[in-house]
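Going by the UniProt record's numbering, the letters in the sequence shown line up with residues 1 to 401, in that order. A virtual CB, placed ideally from N, CA and C, is assigned to each residue, including glycine. Keep in mind the model is a prediction, meaning the values are calculated, not measured.
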Amino acid sequence: MQMQMPGFAVPEALVTEILSKLPVKSLIRFNCVCKYWCSSFQTPRFISKHYHNNLKSNNLNPVLKRFDGNANLAYFSQLSLEKDENFLVKQNISLPFFMHDSPFVWGARHGLFCLHSSCMNGEEVAIWNPSTRECKILPPSSVQRPTYPGLTCDLVMFDCGAFEFDFKTDDYKFIRFVTLCFVDSECGIESPDDVSQVELYSLKCDSWKEIPSPNYRPFDSDLSNNCLDGICSWKIIIGNSPYEKVMILSFDMANEKFSVSPILEFVGFFLKTNIEVLVFNGSVDVLVYPVEGIDKSFDLWVINGGVWTKQFSIESIPGVVNPLGFWKNDELFLLNTNYEVVLFDPSTHELKVLGINTYLDHHREYVSLFFYVESLVPINGIQEHKDHIIRQLVGNASNKY
């Protein structure tokens, strides 16, 4: 007589807890297991739980933005987190949608990136979830350009922007700063006065609208993360030489208002000093380092109660050009003079050369590093298509990923 194994049911809450800790790739496979799982993965509650589990575990994924100067093509390199692989490139992702262009990249908010054409008059904008491989092409802006008698708008420039989540309306929004250049309609002479506009896109409404311009031209940070709790921050310069002041321009996604706050005035003359506004360890900070020289020192300042305090200093890292971003345990990714990506550990002062060489990128300003946490956040788009995004595994990565 054959013995039957006792049947038992795993509590639903336990199943949900286990599933919410799995990679997106596994969850996509499990969509085929049963209809209930498939539908539960799409609920706001599960999406939020899955994302916050990844956030709590600090499961950051680094992506290097690059530009192949030979092919004249922008692409991303997804880096491996395997301990023995030293951040080797495991996958390259090319962007035919931005052919012959190195797009601006903003994000990642809840695992989403916003990509924007960097070409003059280029209107291409997309939101992309690299985990679910969903991509949404944004509609062209409906904001009207101003007109002036005797002048023709000759050039539209998109200077900088930010992509952030509005907790008040449960909406993802993208803000961009627009500069309009005019010429005389008859003789073609350039007008000395540019016109500024600010546009705001809402994913929930899938539409654009104009926001009153603060009449400041912000500077995009070389470090990707400049948003915190629905507020985006940029460096601006106020006044004329030699009395310029560096300030912080902020935009609140909830009330859609700008504000200006002072920055520390004791960092040195800004033409000789790089000042980057970034979010670090849950606060808006300023990273300061010299423009010239290949031995760089870095000071990180944080504001608390209106008072700037130096959080830490990194003294004289040899042979580096610019920072790319902070990693776990306050480690700092940098680009060195040999076009190699290196990682500096402030606790040991060790400078580790990683297995990534960007010499084919030709222009260091095209090289930047972004970090995202996997998420299931839907964006009402389409699955990645070869006309927009193409992935190519590198080396033996096909055996692992």
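Selection from the options that minimises the alpha carbon distance to residue i
| i | options | result |
| --- | --- | --- |
| Glu315 | Lys328, Gly305, Glu350 | Glu350 |
| Val367 | Val377, Gly293, Thr358 | Thr358 |
| Ser375 | Gln197, Lys90, Tyr243, His110 | His110 |
| Leu324 | Asp222, Pro192, Leu79, Leu228 | Asp222 |
| Asn129 | Ile382, Lys386, Leu393, Gln392 | Ile382 |
| residue 478 | Val341, Gln197, Asn274 | As displayed, the chain neither begins before 1 nor continues past 401, which places residue 478 out of reach and without an answer. |
| Asp220 | Gly239, Gln197, Glu244, Arg176 | Arg176 |
| Met253 | Gly293, Phe174, Ile189 | Phe174 |
| Val377 | Lys209, Leu112, Asp194 | Leu112 |
| Ile379 | Phe312, Asn54, Ser20, Cys205 | Cys205 |
| Arg66 | Val24, Glu276, Pro23, Leu79 | Leu79 |
| Lys272 | Lys352, Val246, Asn31, Pro290 | Pro290 |
| Thr147 | Ser196, Gly293, Cys114, Tyr172 | Ser196 |
| Asp171 | Ser233, Pro44, Ser283 | Pro44 |
| Asp68 | Ile93, Val156, Asn53 | Ile93 |
| Cys114 | Gly161, Lys83, Met157 | Gly161 |
Rounded straight-line distance, which links the Cα of residue j to that of residue i
| i | j | result |
| --- | --- | --- |
| Tyr51 | Tyr372 | 11 Å |
| Asp330 | Pro96 | 35 Å |
| Asn59 | Ser48 | 15 Å |
| Phe258 | Glu12 | 46 Å |
| Leu228 | Gln392 | 33 Å |
| Pro62 | Phe280 | 16 Å |
| Ile28 | Thr132 | 8 Å |
| Phe182 | Ile127 | 30 Å |
| Ser261 | Leu249 | 7 Å |
| Lys400 | Pro139 | With a pLDDT of 46 at Lys400, under the threshold of 50, the modelled position of this residue cannot be trusted; read the value that follows with caution. Roughly 37 Å between the two C-alpha positions. |
| Leu64 | Glu124 | 21 Å |
| Asp285 | Lys235 | 11 Å |
| Val394 | Gly239 | 49 Å |
| Thr152 | Asp194 | 12 Å |
| Val288 | Ile18 | 43 Å |
| Leu200 | Thr348 | 44 Å |
| Cys38 | Glu384 | 20 Å |
| Ser141 | Lys352 | 45 Å |
| Tyr216 | Glu85 | 44 Å |
| Leu334 | Ile263 | 24 Å |
Supposed close pair residue i, residue j - CB separation, criterion 8 Å
| i | j | result |
| --- | --- | --- |
| Phe251 | Ile231 | 7 Å |
| Glu164 | Ile211 | The pair is not a contact, with the Cβ atoms about 14 Å apart (cut-off 8 Å). |
| Val318 | Asp345 | Checking the sequence shown, residue 318 turns out to be Pro, not Val. 15 Å between Cβ atoms; not a contact. |
| Asp101 | Ser117 | 5 Å |
| Ser185 | Gly150 | 5 Å |
| Asp159 | Thr179 | 6 Å |
| Val105 | Ser26 | With 8 Å as the limit, Val105 and Ser26 do not qualify as a contact, their Cβ atoms being about 27 Å apart. |
| Val321 | Asn336 | 7 Å |
| Leu88 | Gly355 | 5 Å |
| Thr16 | Phe41 | Actually they do not touch by this definition, with Cβ atoms about 10 Å apart. |
| Ser207 | Val277 | Incorrect: roughly 29 Å between the Cβ atoms, too far for contact. |
Assigned exposure category for residue i - 16 Cβ within 10 Å defines buried
| i | result |
| --- | --- |
| Cys135 | buried |
| Phe167 | exposed |
| Gln144 | exposed |
| Trp33 | Inspection of the sequence shows that residue 33 is occupied by Val rather than by Trp. By the neighbour-count rule (16 or more Cβ atoms within 10 Å), Val33 is not buried but exposed. |
| residue 402 | What is shown of the chain runs 1 to 401, which leaves residue 402 out entirely. |
| His388 | buried |
| Tyr75 | buried |
| Lys35 | exposed |
| Pro6 | Because Pro6 carries a pLDDT of 49, less than 50, the predicted location of this residue cannot be relied on, and no value is offered for it. |
| Ile189 | exposed |
| Ala108 | buried |
| Phe312 | exposed |
| Ser297 | exposed |
| Leu14 | exposed |
| Ser20 | buried |
| Val246 | buried |
| Ala71 | exposed |
| Val198 | buried |
| Lys56 | exposed |
Q. For the stretch 179-250, which segments carrying the beta strand (DSSP E) assignment without a break, of at least 3 residues, lie completely within its bounds, in sequence order?
A. 195-202, 207-211, 231-238
Q: Please list the segments of the alpha helix (DSSP H) lying wholly inside the stretch 259-300, counting only runs of 4 or more residues, in order along the chain.
A: none
Q: Just list the beta strand (DSSP E) runs in the stretch 87-153, keeping only unbroken ones of 3 residues or longer that don't cross its boundaries, in chain order.
A: 89-94, 104-109, 112-116, 125-129, 134-137
Q) For the stretch 33-66, which segments carrying the alpha helix (DSSP H) assignment without a break, of at least 4 residues, lie completely within its bounds, in sequence order? A) The stretch 33-66 contains, as complete alpha helix (DSSP H) runs of 4+ residues, the segments 35-40, 44-56 (chain order).
Q.
Extract the residue ranges of the beta strand (DSSP E) inside the stretch 319-376, only unbroken runs of 3 or more that lie entirely within it.
A. 320-326, 332-336, 340-345, 350-357, 368-373
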